[in-house]
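Note sheet for the following structure.
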Amino acid sequence: MQKYQKLFEPVKIGSIKIKNRFAMAPMGPLGLADSEGGFNQRGVEYYTARARGGVGLVITGVTFVDNVIEEHDVCHVPCSTHNPVHFIRTAREMTERIHAYDGKVFLQLSGGFGRVTIPTNLGDHPPVAPSPIPHRWLDKACRELAVDEIRQIVHKFGEGAYNAKRAGFDGVQIHAVHEGYLIDQFAIAFFNQRTDEYGGSLENRLRFAKEIVEEIKKTCGADFPVTMRYSPKSFIKDWRDGALPGEEFEEKGRDIPEGIEVAKLLAAFGYDALDIDVGSYDSWWWSHPPMYQAKGLYIPYAKIIKDVVDVPIICAGRMDNPDLALGAVEDGACDMVSLGRPLLADESYVNKLRSGKIANIRPCLSCQEGCIGRIQEFSSLNCAVNPRACRERETELMPALKSKKVLIIGGGVTGCEAARVLALRGHTPVIYESTGRLGGNLIPGGVPDFKEDDHALIAWYETTLKELNVEVHLNTKATAELIRKNQIDGLIIATGSKPKMFNLGDNSKVYSAAQVLLKNVDAGNKVVIVGGGLVGCELALWLADQGKKVTIVEVQNKLLAINGPLCHANSEMLKRLVPFKGVEVLTSAKIIKTTDKGVLLEVNNQTEERPCDSVILAVGYSSENSLYNELKYEFSDIHVIGDARKVSNIMYAIWDAFEVASRM
């Protein structure tokens, strides 16, 4: 741990001393509130678990102070002003438990979403904004806030912070002059077209933010810490149009020179720390970075701000690599490292790092399937690789009353997760894997450099299963006869799926995506990929980065039309990256057959021959469940899980396994 000792030095924000330099980044607490705006038991357990895992500062996800001017479903998330007595009662349990682990906790208070309000939350109410500007998602204009409404929201911030202080919170974070939320819309000239005291000059556009911190300090005392979530750069090309990494463009939002001036003013207003990221909802793959973004992507921007203000800087943004985090602190880019999704994946990240058990840290994949994706689609915060996230109490593993020997057929992540859970409960799992290593489809899937954490997850399972003394048979194809010969109490079929292939005439240059990713074949320099889903698009990026000329042929009228990433930040970035990397895309097109020169295609009802060296099929997978069908009437405790049950994604592969293994 000596190498990372600096990350465990105490740091102060205002009057509050924090035991180490790790903060839990704020993430939307969807599903963590009760009907009266308090924290439900899920929320209490979720935040307490991260404090127990060693985090110095817990920052809750967004909680609203106003439910009148910008109406929200009560209670979509916790709200300290809706029913103050109830909020204080429920939150107090949480803050007291966090303090027991010598942790500190800030409540994140929101002024509202404005033009970026999720459509399902609007109902019949018009969205609000500083000016009558276009909504981010809907083809409608926003309603301009009146001055008295702004002042009501400011007053609500004081009330909300006062209730937070009574509930035991050590400070608050303001949400935010970042990502294009309501207060940020006031701060950015592109959105703010007002001519009164809240528009025009930079100082006027920041008046909203200034009055908020003044109101809170007046209500709660000058020594009550107030921090600000802040984006010094927006990456906005135009309405609903964001820039990609490396793209040349004219910034329509906040650019770095103004970002520096804003930071200086925020510090002068009395904000005790700035929590730095970049981006906006118009470029939200910056604010919610998928795996296609670099790790530590906010560090350069944090350093720019750190050099011009004298308040602590918190930096998030794929900071899970401890060497990268240490470098950011040692180089003076930030004072604290903020972990969001990594703490969903492993609530004990900090304690494991402190004790030198880095190989035991379950990695975040930045897939955003369980977190942002589920927030968008189902209003529920979870994690793809950690089924217990936000469900800590109800998914607590119970020791088995009677130890069972359970055969697991298949060593992909589904089989590995099942074995892990069974072993933790006291059962004896035995894995049979037909290939030479664990990992299944994650082995080829993790080949592109932006998917490196897929391989990290395999390594984590290998380490975990070894420590749990799980018996693993590699290069062993499990047959029905082999299974029948074993004296077992349970059987799990996790045989996964196989790539779909079809006949194109001469198949000598027709390959699966897995064959190409694993370099079992040479795809050549001119490649046609059949299928514009997730696998096809990611494969295209990987090949394009190698300098190959790539064409995607997709029968649907757009990329990622079927089974794309649940999180729109992932899918929108990926759809923009494909042409940005020089990949040709043919939609509403299909392949007819291979030819001597390449392939014959049908595009817009016209046939054309396209020269290529190879055709790569990325048209989906088929469940491999023949062994289950052969044995399902022979065993009472038999389960088919993961892709063998239904082809899906890594989240459901892991969740299936956890559910079944935790109840056997």
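In our numbering, the protein residues as written are 1 to 664.
Every residue, glycine too, gets a C-beta built ideally from N, C-alpha and C.
All values reported here derive from a predicted model rather than from experimental measurement.
Considering residue i, what are the terminal residues of the alpha helix (DSSP H) in which it resides?
i: Cys-416; result: 413-425
i: Phe-208; result: 207-220
i: Gln-41; result: 41-52
i: Arg-97; result: 84-100
i: Phe-378; result: 372-378
i: Leu-577; result: 568-580
i: His-455; result: 452-467
i: Val-516; result: 513-517
For residue i and residue j, what's the separation of their Cα atoms in angstroms?
i: Glu-452; j: Gly-446; result: 6 Å
i: Met-664; j: Lys-12; result: 48 Å
i: Val-74; j: Gly-158; result: 20 Å
i: Arg-484; j: Gly-547; result: 51 Å
i: Ala-494; j: Ile-59; result: 38 Å
i: Cys-371; j: Ala-389; result: 10 Å
i: Ile-591; j: Val-599; result: 7 Å
i: Ser-626; j: Ile-654; result: 21 Å
i: Val-530; j: Pro-10; result: 54 Å
i: Pro-130; j: Phe-224; result: 29 Å
i: Leu-631; j: Ile-641; result: 14 Å
i: Arg-205; j: Pro-300; result: 26 Å
i: Ile-174; j: Ile-443; result: 42 Å
i: Leu-182; j: Phe-502; result: 51 Å
Report the residue from the options whose alpha carbon sits nearest the alpha carbon of residue i.
i: Val-647; options: Asp-282, Cys-334, Thr-414 and Phe-8; result: Thr-414
i: Val-550; options: Glu-70, His-568 and Phe-580; result: Phe-580
i: Val-585; options: Thr-595, Leu-601 and Ile-592; result: Leu-601
i: Thr-90; options: Tyr-101, Pro-78 and Gly-642; result: Pro-78
i: Gly-436; options: Lys-404, Ser-379, Glu-70 and Asn-475; result: Asn-475
i: Asn-604; options: Met-651, Leu-560 and Val-555; result: Val-555
i: Lys-3; options: Glu-392, Leu-617 and Ala-325; result: Ala-325
i: Trp-460; options: Glu-417, Gly-496 and Gly-490; result: Glu-417
i: Ile-188; options: Lys-233, Ile-174, Phe-378 and Asp-310; result: Lys-233
i: Gln-376; options: Ala-268, Leu-30 and Phe-22; result: Leu-30
i: Thr-81; options: Asp-124, Ile-562, Gly-103 and Lys-156; result: Lys-156
i: Asn-507; options: Asp-596, Thr-479, Phe-658 and Val-65; result: Asp-596
i: Arg-391; options: Asn-20, Arg-354, Phe-658 and Tyr-349; result: Phe-658
i: Lys-575; options: Arg-97, Gly-242, Phe-235 and Val-128; result: Gly-242
i: Leu-401; options: Ile-408, Arg-425 and Pro-290; result: Arg-425
i: Leu-517; options: Ile-616, Ala-661, Ala-209 and Thr-95; result: Ile-616
i: Asp-310; options: Phe-113, Tyr-47, Lys-295 and Ala-267; result: Ala-267
i: Gln-185; options: Glu-538, Val-172 and Phe-208; result: Phe-208
With distances taken between CB atoms, is the gap from residue i to residue j smaller than 7 Å?
i: Ala-384; j: Glu-369; result: yes
i: Pro-363; j: Leu-457; result: yes
i: Ala-540; j: Val-510; result: no
i: Leu-334; j: Ile-304; result: According to the sequence displayed, residue 334 carries Cys and not Leu. No. Outside cutoff.
i: Ala-618; j: Ala-514; result: no
i: Tyr-271; j: Met-319; result: no
i: Gly-56; j: Ile-16; result: no
i: Asp-282; j: Tyr-298; result: no
i: Ser-366; j: Gly-53; result: no
i: Val-154; j: Glu-215; result: yes
i: Phe-87; j: Asn-163; result: yes
Could you have a look at residue i and say whether DSSP puts it in helix, strand or coil?
i: Glu-433; result: coil
i: Ala-389; result: coil
i: Ile-443; result: helix
i: Ile-641; result: coil
i: Pro-363; result: coil
i: Asp-275; result: strand
i: Arg-115; result: helix
i: Asp-223; result: coil
i: Ala-23; result: strand
i: Phe-635; result: coil
i: Leu-339; result: strand
i: Thr-587; result: coil
i: Tyr-628; result: helix
i: Phe-169; result: coil
i: Gly-158; result: helix
i: Asp-184; result: helix
i: Pro-300; result: helix
i: Asp-241; result: strand
i: Gln-152; result: helix
i: Phe-658; result: helix
i: Ile-358; result: helix
Could you spell out where the beta strand (DSSP E) holding residue i opens and where it closes?
i: Thr-607; result: 606-611
i: Lys-237; result: 236-238
i: Ser-622; result: 621-623
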